[in-house]
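Beneath this line is the structure, given in structure tokens, with notes to follow.
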Amino acid sequence: MEQVKVSLKDGVEKVYQKGITLLEIAENISRKLGKEALAAKVDGVIKDLSSKVDKDCNVQFLTFEDEEGRKVFWHSSSHVMAQAVKRLFPETKLAIGPAIDEGFYYDFDRDESFTPSDLEKIEQEMAKIIAEDYAFCRKNVSKEEAIEELNKINEPYKVELVEALPEGAPISFYQQGEFKDLCAGPHIPSTGRIKAFKLTSLAGAYWRGDEHNKMLQRIYGISFPKKSMLDEYLTRIEEAKKRDHRKLGKELDLFSIHEEGPGFPFFHPKGMIIWNLLTDFWRKEHSKRGYQEIKTPIILNEELWRRSGHWDHYKENMYFTKIDDMNYAVKPMNCPGGILMYKTDSRSYRDLPIRLGELGLVHRHELSGVLHGLMRVRCFTQDDAHIFMMPSQIEDEIIGVIDLVDYFYQIFGFEYNVELSTRPENSMGSDELWDQATAALQGALDKKGMSYKINEGDGAFYGPKIDFHLKDSLGRTWQCGTIQLDFQMPERFDLSYIGADGEKHRPVMIHRVIFGSIERFIGILIEHYAGAFPVWLAPVQARILPISEKHMDYAYKVKKQLEEAGIRVEVDERNEKIGYKVRDAQMKKIPYMLVVGDKEANENTVSVRTREKGDVGQKPVETFIDEVLTLASKFN
RNA sequence: GCUGAUGUGGCUCAGUGGUAGAGCAGCGCACUCGUAAUGCGCAGGCCGCCGGUUCAAAUCCGGCCAUCAGCUCCA
641 MEQVKVSLKD GVEKVYQKGI TLLEIAENIS RKLGKEALAA KVDGVIKDLS SKVDKDCNVQ
701 FLTFEDEEGR KVFWHSSSHV MAQAVKRLFP ETKLAIGPAI DEGFYYDFDR DESFTPSDLE
761 KIEQEMAKII AEDYAFCRKN VSKEEAIEEL NKINEPYKVE LVEALPEGAP ISFYQQGEFK
821 DLCAGPHIPS TGRIKAFKLT SLAGAYWRGD EHNKMLQRIY GISFPKKSML DEYLTRIEEA
881 KKRDHRKLGK ELDLFSIHEE GPGFPFFHPK GMIIWNLLTD FWRKEHSKRG YQEIKTPIIL
941 NEELWRRSGH WDHYKENMYF TKIDDMNYAV KPMNCPGGIL MYKTDSRSYR DLPIRLGELG
1001 LVHRHELSGV LHGLMRVRCF TQDDAHIFMM PSQIEDEIIG VIDLVDYFYQ IFGFEYNVEL
1061 STRPENSMGS DELWDQATAA LQGALDKKGM SYKINEGDGA FYGPKIDFHL KDSLGRTWQC
1121 GTIQLDFQMP ERFDLSYIGA DGEKHRPVMI HRVIFGSIER FIGILIEHYA GAFPVWLAPV
1181 QARILPISEK HMDYAYKVKK QLEEAGIRVE VDERNEKIGY KVRDAQMKKI PYMLVVGDKE
1241 ANENTVSVRT REKGDVGQKP VETFIDEVLT LASKFN
């Protein structure tokens, strides 16, 4: 009998008989691996465990611990769901059913819509299929066979998918029990491996993600090889929901959004404290770096927006109005205003770069379905700046902005992803200038040694951009900072500067934001800190808790002392027990609770309880003030 | 925008054709209290909006508005 050499991880080599299956190898290595292995990577290609080994190779077994293993597991789970749906609703047509980052979905086409009680039935049927423990069996077919088979079982979406495949591409079917589906695989050995699962939501999704196509019904689910893992997952989701900025914004009285103005947030006094701290910090840091601040109007003549290209490329997102029969637009961006400002004087090469910052309020018409708390709104304040410079200054300026973004984000403890977005379809200018601009951004990123993802076709209509993305509590990412390099606007507005040669030259512009939108940034901050803001940002830094009504006078005396030192403080004057007041302050996530009673009043002290550590003991008022000021002054 | 779900006091939610309910928050009174909820009482609601069915609608039907989830991840 012929033998094959199999190298495993850690360089271990084993010899087996040719034709042995991967599952047999896993079982041979250990019983545990035999039970936990879901698929295996053979010379870098992921395969079913039922595949046979007929030549020397490298094998790496994949379990639920591996991302690729989880994907296989979830993909198989989606097949189980499809099988259940076909059993219960045989008229349903199947579209696609992939694994996603967390779980899986399957898109179905059925005239009637699925209801939540249908989901329960599907779950029950899935449980049966799992208990029946069917093996996933692969069968390779030719393109013609595949189309014939799919026509026979009447799956038009699958036929469309196969027809789009290139000639000679490998095509396979997988079958478990009576259910057969077109699928590249691989799959887990059998349905019984799925020990816990839950169908999580129901949503519409266009066939092939194109809104011109039919809308299908998508069912999302998640599954695990252990029941305890599902429970952990569900508690994690619950915890994440508690951090939701929309919930915390209400509870902590930071902002509100009303039916009277969908997508137009109201900032409450406590929310404005955070806002102003952020913008104070922003102003200080920008002025240190040679930025000047300007302010441009919200409404400007429509003609300006035609000239800037917004009319042609951004009209759908703009609001328009009329003044004395003349057409005006509400600004969706600050750049044209900044450009008009640039043109108010003749500029010399000695003046460049000119860095004009603006906390500009912009309005954009977003589709109603995409509005989301402070994260996606219809009016927001950009911490914008436009840098006008000579071509030779491009790289230094871009690097300066990258450094500034990094400096800001590390202060809040954010990790971020960087993306480079290239020329979109509906854009203006020559390919040559676009290539030049894209290369400049890329060059700066490479010089900084930053890793980034390329986002084809996602640039602004006037230039490519570097985007900085931050994560929300549920792991969704939001674009915050961006740096856009623009050769188009200077051209359109005929911007110039006088060079050393005495001739007119064309400057280049950078559009950039650091926070992105103050609204979105505050939303991200709320979720990042779960509402427990660091002392310097906390809207209320300390709350004084008098033991009883007798201690009210002393409480107000301490309040005055703290206020004079610049500490944001309030007194809980309700006639309640101390435990009640502590609990309330704790839930409002106030960093310091100052308990004051007879002892403190006599000794001119406060008993300090911190949000994180609890009771930390009694100390003189002055000592407490010094400690807080030291902490809070770190950033301003 | 599209698909689905949801909309009842400041907040969280119960109420499925017959006079709108609870808990928390608020206000009042009593207690004067030492580190995560003291007790009693009071007040608070065009049941998202408009229309229809009905003797009667928070409840059933239609339209609209808003909110939530998804709509990129390609068998």
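Residue numbers for the first sequence follow our numbering, beginning at 641 and rising by one.
The C-beta atom is built at its ideal place from N, Cα and C for all residues, glycine as well.
Given the structure is predicted, the values throughout are model-derived calculations rather than measurements.
What are the boundary residues of the beta strand (DSSP E) that residue i is part of?
| i | result |
| --- | --- |
| K645 | 643–647 |
| G684 | Per DSSP, G684 belongs to no beta strand (DSSP E) and is neither H nor E. |
| L892 | Counting along the chain, L892 falls outside any beta strand (DSSP E), and DSSP gives it neither H nor E. |
| A845 | 836–846 |
| N780 | 777–781 |
| K1274 | Here K1274 belongs to no beta strand (DSSP E), and DSSP marks it neither H nor E. |
| D758 | Taken as a continuous stretch (DSSP letters only), D758 belongs to no beta strand (DSSP E), being part of the alpha helix (DSSP H) at 756–772. |
| Y1169 | Premise fails: Y1169 lies in the alpha helix (DSSP H), 1158–1169, not in any beta strand (DSSP E). |
| R995 | 994–1003 |
| T703 | It is not in any beta strand (DSSP E) - T703 carries neither H nor E in the DSSP assignment. |
| E603 | This structure gives no information on residue 603, because the portion of the chain shown stretches from 641 to 1276. |
| E664 | Looking at the DSSP string, E664 is not in any beta strand (DSSP E); the run it does join, the alpha helix (DSSP H), is 662–669. |
Rounded C-beta distance between residue i and residue j? I'm assuming under 8 Å.
| i | j | result |
| --- | --- | --- |
| L1129 | F1028 | Reading off the sequence shown, one finds Met at residue 1129, where the question assumed Leu. So it is not a contact: roughly 10 Å between Cβ atoms. |
| L894 | K910 | 5 Å |
| G1013 | G1163 | 6 Å |
| I1300 | D1224 | Given that the chain is displayed from residue 641 to residue 1276, the structure contains no residue 1300 and the question cannot be resolved. |
| E1159 | R1146 | In fact, because the Cβ distance is near 35 Å, the residues do not count as touching under 8 Å. |
| I1154 | F1048 | 5 Å |
| S1265 | A1178 | It should be pointed out that residue 1265 corresponds to Ile in this sequence rather than to Ser. Actually they do not touch by this definition, with Cβ atoms about 16 Å apart. |
| Y1194 | A1241 | 4 Å |
| T1245 | V1268 | In fact, because the Cβ distance is near 15 Å, the residues do not count as touching under 8 Å. |
| P1186 | V1236 | 5 Å |
| Q1022 | S830 | Actually they are not in contact, since the Cβ atoms of Q1022 and S830 sit about 54 Å apart, beyond 8 Å. |
Just the C-alpha distance for residue i and residue j, rounded to the nearest angstrom, thanks.
| i | j | result |
| --- | --- | --- |
| L805 | Q700 | 29 Å |
| Q1050 | I1042 | 12 Å |
| D821 | K835 | 22 Å |
| L1081 | L1271 | 37 Å |
| F906 | E789 | 58 Å |
| E760 | H926 | 56 Å |
| M855 | A845 | 5 Å |
| A843 | Q857 | 6 Å |
| D1024 | H1151 | 7 Å |
| T840 | T1250 | 38 Å |
| I736 | A722 | 10 Å |
| K779 | D741 | 27 Å |
| W714 | M766 | 13 Å |
| P993 | K1105 | 19 Å |
| K1221 | N1215 | 9 Å |
| V1103 | V970 | The sequence shown places Gly at residue 1103, rather than the Val named in the question. So the two alpha carbons sit approximately 22 Å from each other. |
| I1218 | V1017 | 41 Å |
| V655 | K645 | 5 Å |
| K658 | D773 | 28 Å |
Taking 8 Å as the cut-off, is the C-beta of residue i nearer than that to any heavy atom in the ligand ATP?
| i | result |
| --- | --- |
| E1159 | As for the ligand ATP, it is missing from this structure, which has no ligand bound. |
Tell me which residue opens and which closes the alpha helix (DSSP H) that residue i is part of.
| i | result |
| --- | --- |
| I963 | Looking at the DSSP string, I963 is not in any alpha helix (DSSP H); the run it does join, the beta strand (DSSP E), is 959–963. |
| Q1226 | 1218–1227 |
| P1260 | Here P1260 belongs to no alpha helix (DSSP H); instead the beta strand (DSSP E) covers 1254–1260. |
| H715 | 707–728 |
| K654 | Run containing K654: none in the alpha helix (DSSP H); it sits in the beta strand (DSSP E), 653–657. |
| P1186 | Here P1186 belongs to no alpha helix (DSSP H); instead the beta strand (DSSP E) covers 1182–1186. |
| R990 | That residue, R990, is in no alpha helix (DSSP H); it is neither H nor E in DSSP. |
| R946 | 942–948 |
| E1022 | It should be noted that the sequence gives Gln, not Glu, for residue 1022. Q1022 -> not in any alpha helix (DSSP H); beta strand (DSSP E) instead, spanning 1019–1029. |
| D1238 | 1238–1243 |
| K924 | 909–928 |
| M1129 | 1128–1132 |
| M966 | Note, M966: premise wrong, no alpha helix (DSSP H); beta strand (DSSP E) at 966–970. |
| G977 | 975–982 |
*asked:* Pairs of beta-carbons, one from the region 731–740 and one from the region 684–703, closer than 8 Å: are there three or more?
replied: no
*Given 8 Å, three or more beta-carbon pairs between the region 1133–1147 and the region 859–872*: no
*Give, in chain order, every unbroken run of the beta strand (DSSP E) that is at least 3 residues long and sits entirely within the region 1044–1094.*
1057–1061
_Quick check: the region 823–834 against the region 846–856, are at least 3 beta-carbon pairs closer than 8 Å?_
no
*Please confirm if the region 1166–1173 is in contact with the region 874–893, defined as three or more CB-CB distances below 8 Å between the two stretches.*
yes
*4-residue-minimum alpha helix (DSSP H) runs that sit fully inside the region 800–878, ordered along the chain*: none
*Counting pairs of Cβ atoms below 8 Å between the region 737–747 and the region 802–816, do you hit three or more?*
no
*Report yes or no: do the region 948–957 and the region 1058–1071 share at least 3 C-beta pairs separated by less than 8 Å?*
Taking a contact to require three or more Cβ pairs closer than 8 Å, the region 948–957 and the region 1058–1071 qualify as touching.
*asked:* Count Cβ pairs between the region 1002–1010 and the region 981–992 that sit closer than 8 Å; are there 3 or more?
replied: no
*Taking three-plus beta-carbon pairs below 8 Å as touching, is the region 769–779 in contact with the region 807–819?*
yes
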